[in-house]
Structure formats: C-alpha cells, structure tokens
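Participant: Handing you a structure now.
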Amino acid sequence: MQEKNWLKLFKSNKKLQRIVLSIILWIIAAIWYIPIFWMLSTSLKSSQVAITENPPRWIPQEPTLENYKIVFSPASGISVMRGIINSFFVAIISTFLGLVIATPAAYALSRLRFRGRNAIFWSYVAILAFPGVLFLVPQYFIIHSLGLMDNYLALILPGLGSTFGVFLLRQYMLGIPRELEDAAWIDGCSRLRFLITVVLPYVKPALTTLALMSFLGSWNSFLWPLLVLNSPEKLTLPIALVRFSAGWGDPFRGIGPLMAGAFVSVAPTLIIFIVFHKYLMQGISLSAGEK
Amino acid sequence: MTNMKQKIFSNKLWWELGNWGFLLPHFFFFILFIIIPLISNIQISFYNWNLLGQKTFVGFQNFVRIWTDDRFWLAVKNTVIFAIVSIPLVIIVAMIIALILNQKVYGKLWLLIAFVSPTFFGSVGILTTWKWIYASYPTGLLNYYLTKFGILREAISWFETPARAWLCIIITTVWWIVGFSVLLYLGALQRIPPEQYEAAKIDGAGPWKIFWNVTLPWMRNVLFFDVVRQVLLAFGLFDQVYFFTGGGPAGSTRTMVYYLYLIGFTRQELGQAAAISWYIFAIVLIFALIQLFMLTKTIRSAEE
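This is the structure in structure tokens:
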C-alpha cells in the first residue's frame with residue numbers, strides 16, 4: 001500500500017520526477033567522467049606515487065607539474081612537443097584544403113545541373129557505407145608509388161577524396177531558398193559569385209561543423225600515420241605518444257608522463273567540444289542526413 | 292538559323308562544363324584516392340605483391356590461403372561475437388541515456404559533455420588511460436575498488452583471460468562511442484510530435500507500450516543509420532586490441548582488421564591483406580543486411 005502511495009506521489013509531482021531522473025543520470029555521467037578525471041589526476045602525481053599509493057587518491061596529495069616538464073623536454077628522445085606542432089600543422093592544412101574543394105563540389109551536387117550528377121552523388125553516398133579497411137592496402141601502395149612515404153602529403157592527400165564533407169555540406173545547401181537563387185540570376189550574378197556571396201554565408205554553420213570534425217579527425221587519426229610515418233621528427237602526436245610510452249619498457253613505470261601526454265592530446269578536443277559543442281552535435285545529426 | 296542554334300547549343304555545353312568544373316577538384320581526389328584504390332585492391336588481391344614492386348600473379352591463391360587459415364576464422368569469430376554483443380549494448384545504453392536526457396533534467400549541458408565528448412577523443416589518450424585503469428596492480432583503479440567492495444578477493448590481471456580481456460574492450464568501447472548514438476536518438480526523440488504521446492496516453496497506454504508503439508517507429512530512420520554505422524565500427528575494431536591485448540591471450544582478441552594488420556603490415560604480405568579486406572567487406576555486408584532485416588521486423592511488429 002505504501003509503495004503505491006510513493007508511486008502516486010512520484011507520478012503527480014513533476015519536480016520530484018525531475019530530481020530523481022537528474023540524480024540517476026548524474027550517477028551514470030559521473031562514471032563517464034572518471035577516465036578523464038583519472039587521467040588528469042595521475043598526470044599530476046609522480047609515477048612512483050601513482051603506482052604504489054594505497055588507496056589511490058583522486059586528488060593528488062603533492063601535485064607536481066614534473067610530468068609535463070618531462071613530456072615537453074626535448075631530451076626525452078621522442079619529442080612530444082614536436083608531435084603537437086606536427087599534428088596541428090597537418091590537421092590545419094588537411095581541414096583547409098578539404099573545405100576548399102568540398103564546398104564547390106557540394107554546391108555543384110546540390111544546386112547545379114549537369115549530366116551524371118545523380119550517378120556521382122549516389123556513388124559519393126554509397127562509398128560512405130564501405131568499410132575503411134578496403135582502402136588501407138591500395139592507398140598504402142599509391143602513397144608508396146608516389147614516393148610519399150614518411151611525408152606529410154601522405155597524411156593530407158588521401159583524406160581529400162573523402163566524400164563525407166561533400167555529403168554533409170550538400171544536405172545543408174539543399175535548404176537554400178529557391179527565391180534567393182532566382183533573385184541572384186536576375187541580377188546577372190555568376191555562379192562563382194553566387195557561391196561566394198550567397199552560399200558561403202548561408203552554410204557557415206555547416207562549414208564550421210565540418211572544419212571542427214575534420215580537424216579532430218586528423219588530430220586523432222592513428223592507424224594511417226602509424227603505417228606511413230617513420231622519422232622521429234615527423235611523427236604526429238598520437239604516434240609520438242606511442243613511441244614515447246614504448247621507451248619505458250613496462251609502460252606503467254612512466255605512467256605519470258604518459259598520462260600528461262594523454263591529457264595534452266585530449267585537452268584540445270575537450271576545449272573544442274565545450275566551446276563548439278553546438279556545432280559538433282549538429283555535425284552528428286547532419287551526418288545522419290538530418291538537419 | 293542553324294548558326295544561332297549552334298551558338299545556343301555550344302553555350303549550353305559550356306555552361307554544363309562550367310557546372311562540372313565546380314565538382315572537378317574534389318572529383319579528382321575521389322577518383323585518385325577512393326575509386327582507383329578500390330579497383331587496385333581487387334588487382335592486388337590476385338597477386339603476390341610486395342613493396343619492392345615484385346609481383347607475381349597467383350590467381351585465387353591468396354583467397355584460398357586465407358580461407359584455409361584457422362587464425363583467420365578465429366578472427367572472424369572474435370569480431371562477429373564482439374559485434375553481436377557490443378552493437379545491441381551500445382544501442383540500449385544510448386537509448387536509456389537519450390530517453391532520460393529528453394526529460395527535464397538538471398545540468399543538461401554538463402551531462403551532454405560527459406556522454407558525447409568521448410566520441411571525439413583520439414584513441415591514444417583514451418586507451419592508455421583505460422589501460423591504466425585496468426592496471427594489474429592492487430592499486431590499479433578497477434582492481435582497488437572491486438577488491439574494496441568484496442567483488443574480487445585479490446587484484447587480477449585484466450587481460451589474462453579471453454573473457455576478461457573482452458569485457459575490458461567492450462566496456463571501453465561503450466564508454467567511447469555511445470555518445471554519438473545518444474545524440475542521434477535525442478535528435479529523433481525531439482522530432483516526435485507531442486500529440487502522438489498525448490493520443491497514446493488518452494488510449495490508456497502505459498510507458499512501455501508508448502515506447503514500443505510511438506517512440507520506436509518514429510526513430511526508425513535514425514536506428515537504421517546507427518546500425519549501419521555501428522556495424523562498420525564493430526568490424527573495424529583495431530585500436531582497442533592494439534593498445535590492450537595485441538590480440539592475446541592466444542589470439543582470442545585478434546579481430547579481422549588486426550589480423551589484416553599483422554599479415555599486411557608486419558609480414559608485408561600485401562596481396563593476402565587485400566584478400567582479407569574483401570572477406571571483411573563481404574562479412575560486413577551480410578551482417579549489416581541481417582541486422583537491418585531484424586530491425587525492420589522488430590519495428591514492424593511494434594507498429595502493428
């Protein structure tokens with residue numbers, strides 16, 4: 001009987017519902033926050049303390065920035081600092097070039113007429129459903145035969161063929177009102193000018209979304225740079241971190257610096273997500289073909 | 292007259308070529324890095340080919356060799372089991388989180404950050420952290436709390452047995468990728484017209500029935516998309532294995548892509564690796580079709 005009363009109270013009281021649901025979700029969310037917090041916490045302890053302290057402490061007792069110094073010091077063999085600069089450079093160039101060629105392509109596929117347009121559009125979409133591993137071996141061959149191994153172009157060029165960005169921008173451009181286009185034609189506006197003065201401002205949110213997603217995609221990419229890069233001074237951050245951790249033999253002996261490196265690799269993403277979450281979340285729904 | 296016609300015609304042709312010009316730069320890279328690789332992947336799979344340029348035509352030998360390799364079938368089995376467990380798990384967890392997030396809750400933004408931001412994190416930072424959480428020391432985070440709460444008697448090595456290693460891989464995977472699905476579902480939930488719910492409530496439907504008869508059918512397109520996406524992800528499983536287990540113990544966590552990596556890039560048998568990638572393609576295709584078929588059936592029965 002008492003249970004029923006509780007249920008009744010819960011059902012009728014909106015505020016109580018809100019509190020209970022919030023608590024449930026916050027408990028789940030707390031679990032989701034643990035790895036990030038643990039990474040940051042460990043990065044502020046010496047490796048010795050991190051391995052041996054019992055119980056493990058969430059807040060470091062004697063916080064130290066020593067690990068970050070090790071990570072950034074050029075003396076540690078593999079320079080993580082160099083990796084950050086390389087990754088940043090590659091990600092910026094890939095993103096910029098990707099946008100420059102994807103935007104007119106999306107414009108052509110959404111607003112211009114020419115023979116073969118539909119066939120090309122559908123092959124662009126179909127290719128998105130192919131497992132990426134199909135392209136691994138042949139792209140490796142092409143990069144090798146172009147003499148681009150251990151070259152940043154090997155990281156930048158293959159991504160330019162990706163149809164994801166074109167698809168995303170096209171979905172967005174379909175929403176440009178017809179009247180806007182008609183008005184521009186009557187004014188004798190050329191296609192290129194129309195693209196620059198009307199389409200670009202209209203798709204700015206989608207461009208921002210795509211820019212962020214492609215920057216993060218490049219920043220995070222792992223398997224491909226692992227295969228094509230070799231020289232220590234050319235490594236991107238993820239590969240530099242892997243080599244860095246391999247330097248310890250038992251990786252946990254260097255867990256402090258390793259977590260500092262991990263945090264350095266994740267922090268830009270976290271900041272970008274907190275600042276631009278609106279755009280990144282829109283990117284997710286756009287990729288499903290929705291607005 | 293004819294001249295005029297010709298002029299209009301050639302203008303039109305120029306116009307159309309101009310339209311093509313906008314597509315051209317991207318199309319060039321699409322051909323060079325997508326279409327040509329796809330075709331040459333067929334070619335490579337029929338050759339015994341290495342990077343020094345030596346190649347001999349071997350017909351179906353690569354395909355036969357992989358087909359008769361027990362390690363390949365072990366990798367197929369491992370990957371399929373992973374897909375069967377992880378895909379529904381991610382969908383269910385994402386659905387629960389999205390359904391609650393769709394209600395009025397406190398601190399929505401920070402909840403979204405918790406669930407969705409991991410999707411955008413790179414594998415190296417994330418996986419080294421998880422590996423540290425699974426550390427075999429008594430002071431490893433997971434060992435410490437499990438022994439403290441009496442679930443474990445003593446600290447264990449998490450990657451030592453196949454079941455435990457897979458448990459770790461799956462937990463990390465759900466944590467990592469569930470946010471994408473959460474956001475997809477949340478978007479779909481918000482597009483359901485409120486009248487639909489009210490009509491169902493007037494009919495006296497309970498929450499479970501409302502979910503089954505109203506929510507699920509409205510989410511069909513998003514679920515389809517998510518299943519295809521997740522099949523691709525599950526069959527591409529590589530990074531977790533690379534960081535956690537290296538395929539061990541005894542090949543029990545070796546996935547298809549990891550197997551391809553070993554054959555193609557540590558043993559340099561690129562022709563065989565290409566053959567493996569076609570097998571992966573075929574299996575993904577079959578698996579995606581089965582999943583979509585089952586999902587269609589579920590939603591149909593919900594609609595009836």
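Protein chains in written order, with my numbering: chain A, 1 to 291; chain B, 292 to 595. Even glycine gets a Cβ: it sits at the ideal position worked out from N, Cα and C.
At a CB-CB cut-off below 9 Å, which residues of chain A make contact with Thr-430 (chain B)?
Facilitator: In the second sequence, counting from the first residue as 1, residue 430 (chain B) sits at position 139. Result: Ala-50, Ile-51, Thr-52, Glu-53, Asn-54, Pro-55, Pro-56.
Participant: Using the Cα positions of Leu-437 (chain B) and Tyr-425 (chain B), report the straight-line distance between them to the nearest angstrom.
Facilitator: Translated into positions along the second sequence, residue 437 (chain B) becomes position 146. Translated into positions along the second sequence, residue 425 (chain B) becomes position 134. Looking at the two C-alpha atoms, the distance is approximately 11 Å.
Participant: What in chain B is Cβ-close to Ser-22 (chain A), meaning under 8 Å?
Facilitator: Indexing the first sequence from 1 puts residue 22 (chain A) at position 22. Those within 8 Å of Ser-22 (chain A) in chain B are Val-396, Tyr-397, Gly-398.
Participant: So which residues on chain B does Trp-219 (chain A) lean against when the C-beta distance must stay under 8 Å?
Facilitator: On the first sequence, residue 219 (chain A) is found 219 positions in, with the first residue counted as 1. By Cβ distance, chain B contributes Gly-413.
Participant: Just to make sure I have the definition right: I need the residues of chain B whose C-beta is within less than 7 Å of the C-beta of Arg-113 (chain A). Which are they?
Facilitator: If you number the first sequence from 1, residue 113 (chain A) lands on position 113. Asn-310, listed in chain order.
Participant: Ala-565 (chain B) touches chain A at which residues, Cβ-Cβ below 8 Å?
Facilitator: For this step, residue 565 (chain B) is matched to residue 274 along the second sequence. Here the neighbours are Val-137, Pro-138.
Participant: Can you find a CB in chain A that lies within less than 7 Å of the CB of Ile-574 (chain B)?
Facilitator: In the second sequence, counting from the first residue as 1, residue 574 (chain B) sits at position 283. Not one chain A Cβ lies under 7 Å of Ile-574 (chain B).
Participant: Quick check on Phe-373 (chain B): does DSSP put it in helix, strand or coil?
Facilitator: Your numbering for residue 373 (chain B) matches position 82 in the second sequence. Of the three classes helix, strand and coil, the one that applies to Phe-373 (chain B) here is helix, per DSSP.
Participant: Below 8 Å on C-beta distance, what does Arg-191 (chain A) contact in chain B?
Facilitator: The residue given as residue 191 (chain A) occupies position 191 in the first sequence. The answer, in chain order, is Gly-309, Asn-310, Phe-313.
Participant: Arg-18 (chain A) versus chain B: which residues are under 8 Å apart at the beta carbon?
Facilitator: As a working mapping, residue 18 (chain A) is identified with position 18 in the first sequence. Result: Gln-394, Lys-395, Val-396, Tyr-397.
Participant: Assign Asp-187 (chain A) to buried or exposed, taking buried as 16 or more other Cβ atoms, counted over all protein chains shown, within 10 Å of its Cβ.
Facilitator: Counted from its first residue, the first sequence places residue 187 (chain A) at position 187. Asp-187 (chain A) is exposed by the Cβ-count criterion.
Participant: Is there a C-beta anywhere in chain A that falls below 7 Å from the one on Asp-599 (chain B)?
Facilitator: Given that chain B is displayed from residue 292 to residue 595, the structure contains no residue 599 (chain B) and the question cannot be resolved.
Participant: To the nearest angstrom, how far is it from the Cα of Trp-311 (chain B) to the Cα of Thr-103 (chain A)?
Facilitator: Taking the first residue of the second sequence as position 1, residue 311 (chain B) is located at position 20. Taking the first residue of the first sequence as position 1, residue 103 (chain A) is located at position 103. The alpha-carbon atoms of Trp-311 (chain B) and Thr-103 (chain A) are separated by roughly 13 Å.
Participant: For my contact list, Ser-94 (chain A) and Ser-218 (chain A) are in at a C-beta cut-off of 8 Å; report their separation, rounded to the angstrom.
Facilitator: In the first sequence, residue 94 (chain A) corresponds to position 94, counting from 1. In the first sequence, residue 218 (chain A) corresponds to position 218, counting from 1. At roughly 5 Å, the Cβ-Cβ gap stays under 8 Å, so Ser-94 (chain A) and Ser-218 (chain A) are in contact.
Participant: Would you kindly report the start and end of the unbroken beta strand (DSSP E) that includes Trp-340 (chain B)?
Facilitator: One-based indexing of the second sequence puts residue 340 (chain B) at position 49. That run of the beta strand (DSSP E) goes 338-340.
Participant: So that I know if they touch, is there some Cβ in chain A lying closer than 7 Å to that of Ala-426 (chain B)?
Facilitator: Position 135 of the second sequence holds residue 426 (chain B). At least one chain A Cβ lies under 7 Å of Ala-426 (chain B).
Participant: Determine the extent of the beta strand (DSSP E) in which Phe-348 (chain B) is found, giving its start and end residues.
Facilitator: As a working note, residue 348 (chain B) is residue 57 in the second sequence. Note, Phe-348 (chain B): beta strand (DSSP E), 346-348.
Participant: Does the pairing of the stretch 364-383 of chain B with the stretch 465-480 of chain B give three or more beta-carbon distances under 8 Å?
Facilitator: Short answer: they touch.
Participant: So, at 7 Å on beta carbons, what are the nonlocal neighbours of Glu-233 (chain A) in its own chain, with the 5 sequence-adjacent residues on each side left out?
Facilitator: Within the first sequence, residue 233 (chain A) is the residue found at index 233, counting from 1. Result list for Glu-233 (chain A): Arg-82, in chain order.
Participant: Which bits of chain C does Ser-245 (chain A) rub up against, with CB to CB less than 8 Å?
Facilitator: You won't find chain C in this structure, because its protein chains are A and B.
Participant: The alpha helix (DSSP H) with Gly-539 (chain B) in it runs from where to where?
Facilitator: Locating residue 539 (chain B) in the second sequence gives position 248, counting from the first residue. That residue, Gly-539 (chain B), is in no alpha helix (DSSP H); it is neither H nor E in DSSP.
Participant: Look up Leu-149 (chain A) in the DSSP assignment and say whether it is helix, strand or coil.
Facilitator: Reading the first sequence from its first residue, position 149 is the one you call residue 149 (chain A). The question names Leu, yet the displayed sequence has Met at residue 149 (chain A). Looking at Met-149 (chain A) - three-state DSSP - the assignment turns out to be coil, as it is neither helix nor strand.
Participant: For Leu-155 (chain A), does the count of other Cβ atoms within 10 angstroms reach 16, so buried, or fall short, so exposed?
Facilitator: Taking the first residue of the first sequence as 1, we reach residue 155 (chain A) at position 155. Classification for Leu-155 (chain A): buried.
Participant: So which residues of chain A does Pro-328 (chain B) contact, with C-beta pairs closer than 7 Å?
Facilitator: Locating residue 328 (chain B) in the second sequence gives position 37, where the first residue counts as 1. Going along chain A in sequence order, the residues near Pro-328 (chain B) (Cβ under 7 Å) are Phe-135, Pro-138, Gln-139, Ile-142.
Participant: If you measure from the beta carbon of Asn-369 (chain B) to each beta carbon in chain A, is any gap under 7 Å?
Facilitator: Counting from 1 along the second sequence, the entry for residue 369 (chain B) is found at position 78. By this cut-off, Asn-369 (chain B) is not an interface position.
Participant: Closest Cβ-Cβ distance between Ile-276 (chain A) and chain B: below 7 Å?
Facilitator: Along the first sequence, read from residue 1 onward, the residue named residue 276 (chain A) stands at position 276. The sequence shown places Phe at residue 276 (chain A), not Ile. Closer than 7 Å: no.
Participant: Looking only at C-alpha atoms, which of A:Gly-247, A:Ala-129, A:Gly-283 sits nearest to Phe-515 (chain B)?
Facilitator: Position 224 of the second sequence, counted from the first residue, corresponds to residue 515 (chain B). Comparing Cα positions, the closest option is A:Ala-129.
Participant: Return the CA-CA distance between Asn-220 (chain A) and Ile-271 (chain A), expressed in angstroms with no decimal places.
Facilitator: The residue given as residue 220 (chain A) occupies position 220 in the first sequence. The residue given as residue 271 (chain A) occupies position 271 in the first sequence. One C-alpha to the other measures close to 15 Å.
Participant: Can Trp-340 (chain B) and Leu-480 (chain B) be called in contact, C-beta distance under 7 Å?
Facilitator: By 1-based counting over the second sequence, the position of residue 340 (chain B) is 49. By 1-based counting over the second sequence, the position of residue 480 (chain B) is 189. Going by C-beta atoms, Trp-340 (chain B) is not nearer than 7 Å to Leu-480 (chain B).
Participant: Leaving out the 5 sequence neighbours to the left and right, which residues in its chain are closer than 7 Å to Phe-167 (chain A) when beta-carbon positions are compared?
Facilitator: The residue given as residue 167 (chain A) occupies position 167 in the first sequence. Closer than 7 Å at the Cβ level, and outside the excluded window around Phe-167 (chain A), lie Tyr-124, Val-125, Leu-128.
Participant: Measure the Cβ-Cβ separation of Ala-564 (chain B) and Ile-554 (chain B) and say whether it is below 7 Å.
Facilitator: On the second sequence, residue 564 (chain B) is found 273 positions in, with the first residue counted as 1. On the second sequence, residue 554 (chain B) is found 263 positions in, with the first residue counted as 1. Their beta carbons are under 7 Å apart, which means Ala-564 (chain B) touches Ile-554 (chain B) by this criterion.
Participant: Would you mind working out which of A:Asn-5, A:Ile-274, A:Lys-69, A:Tyr-107 sits nearest Glu-293 (chain A), comparing C-alpha positions?
Facilitator: Since the displayed chain A opens at 1 and closes at 291, residue 293 (chain A) lies outside it and no answer follows.
Participant: Could you have a look at Ile-271 (chain A) and say whether DSSP puts it in helix, strand or coil?
Facilitator: To locate residue 271 (chain A), count along the first sequence from 1; it is residue 271. Helix at Ile-271 (chain A).
Participant: Among A:Glu-53, A:Leu-9, A:Pro-131, whose alpha-carbon lies nearest the alpha-carbon of Leu-432 (chain B)?
Facilitator: Along the second sequence, one-based indexing puts residue 432 (chain B) at 141. If we check each option's Cα against that of Leu-432 (chain B), A:Glu-53 comes out closest.
Participant: Which same chain residues end up closer than 7 Å to Ser-87 (chain A) when comparing Cβ atoms and leaving out the 5 residues on each side of it in sequence?
Facilitator: The residue labelled residue 87 (chain A) in the question sits at position 87 within the first sequence. The answer, listed in chain order, is Trp-219, Thr-236, Leu-237.
Participant: Quick one: give me the first and last residue of the alpha helix (DSSP H) that Pro-177 (chain A) is part of.
Facilitator: Taking the first sequence and counting its residues from 1, one reaches residue 177 (chain A) at position 177. Looking at the DSSP string, Pro-177 (chain A) is not in any alpha helix (DSSP H), and its letter there is neither H nor E.
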